[in-house]
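A.B. asks:
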Amino acid sequence: VTRQGVRQGDNLSPLLFILLLDRIMKKVKARTRNLVVGNYRLRPVRICRLAFADDIVVLGKNEECLQHNMNIWAEELAKKGMKINANKTQTMIISGNKR
Numbered sequence: 001v002t003r004q005g006v007r008q009g010d011n012l013s014p015l016l017f018i019l020l021l022d023r024i025m026k027k028v029k030a031r032t033r034n035l036v037v038g039n040y041r042l043r044p045v046r047i048c049r050l051a052f053a054d055d056i057v058v059l060g061k062n063e064e065c066l067q068h069n070m071n072i073w074a075e076e077l078a079k080k081g082m083k084i085n086a087n088k089t090q091t092m093i094i095s096g097n098k099r
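Quick note, the sequence shown lines up with residues 1 to 99 if you use the UniProt record's numbering.
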């Protein structure tokens with residue numbers, strides 16, 4: 001039984017989670033390899049993740065880059081006592097090769 005934090009269902013839970021996740025995302029952003037997804041005003045648009053509430057999409061230009069970014073997420077989450085739920089994690093590879 002955990003004796004720290006707020007109880008599950010407490011009104012503060014969602015706010016505290018989002019504040020914590022925002023800090024984690026800033027640390028992850030500084031360490032991950034970005035994916036160029038297009039251009040805006042002649043500058044490349046780079047992203048490494050997309051997030052909504054507790055759903056996060058981690059991106060990489062290839063499997064090595066994706067694994068690198070996932071490892072960083074795992075490290076930063078572990079620092080806050082959190083972990084990636086492997087049962088809820090999926091991988092999708094999209095090839096840009098035309099056949």
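In this text, a Cβ means the ideal position worked out from N, Cα and C, and glycines have one as well.
Please read these numbers as outputs of a predicted model, since none were measured by experiment.
Can you give the Cα-Cα distance for serine 13 and aspartate 22, rounded to whole angstroms?
C.D. replies: Distance between the alpha carbons of serine 13 and aspartate 22 is about 14 Å.
A.B. asks: Can you give me the start and stop residues for the beta strand (DSSP E) that aspartate 55 sits inside?
C.D. replies: Segment 55–58, the beta strand (DSSP E) holding aspartate 55.
A.B. asks: Is leucine 50 helix, strand or coil when you go by DSSP?
C.D. replies: Residue state, collapsed to three classes: strand.
A.B. asks: Taking C-alpha atoms, which residue in Lys83, Ser95 and Ile94 lies nearest to isoleucine 24?
C.D. replies: Nearest option by C-alpha distance: Lys83.
A.B. asks: With DSSP as the reference, identify every bridge partner of arginine 43, one or two as the case may be.
C.D. replies: In the DSSP output, where bridge partners are listed per residue, arginine 43 has Tyr40.
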